[in-house]
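A.B. asks: Following our numbering, the numbering of the sequence shown begins with 186 at its first residue and continues without gaps. Ideal placement from N, C-alpha and C gives every residue a C-beta, glycine not left out. Predicted, not measured: the structure shown is a model, and the values here were computed from it.
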Amino acid sequence: MFNGDVRVLECWCPIICGARKSNTIKNRERPFYACPLPKDDENCEFFVWVDEAEEL
Ligand SMILES: [Zn+2]
């Protein structure tokens, strides 16, 4: 799915998830999509790396 120039996915809620960048040491600057809701709220735990999502 495309939204202008920015690729987005929907999580299982479903809510539009914009790409965000990881800042962990292991995956520095690696963009990912994840459920935007707080973990303790309605978060559906959707998570996918952008580079892996390209193959879906
Ligand atoms: Zn969600």
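Which residues in the same chain as Cys-202 place their Cβ atom closer than 8 Å to its Cβ, once the five residues preceding and following it in sequence are excluded?
C.D. replies: If we look at Cys-202 and ignore the five residues flanking it on each side, its Cβ neighbours are Val-193, Leu-194, Glu-195, Cys-196, Tyr-218, Ala-219, Cys-220, Pro-221, Phe-231.
A.B. asks: Quick check: the Cα distance between Arg-213 and Lys-206, rounded to an integer number of angstroms?
C.D. replies: C-alpha separation (whole angstroms): 8 Å.
A.B. asks: Checking the sheet assignment: what are the DSSP bridge partners for Ala-204?
C.D. replies: DSSP output for Ala-204 lists no bridge partner at all.
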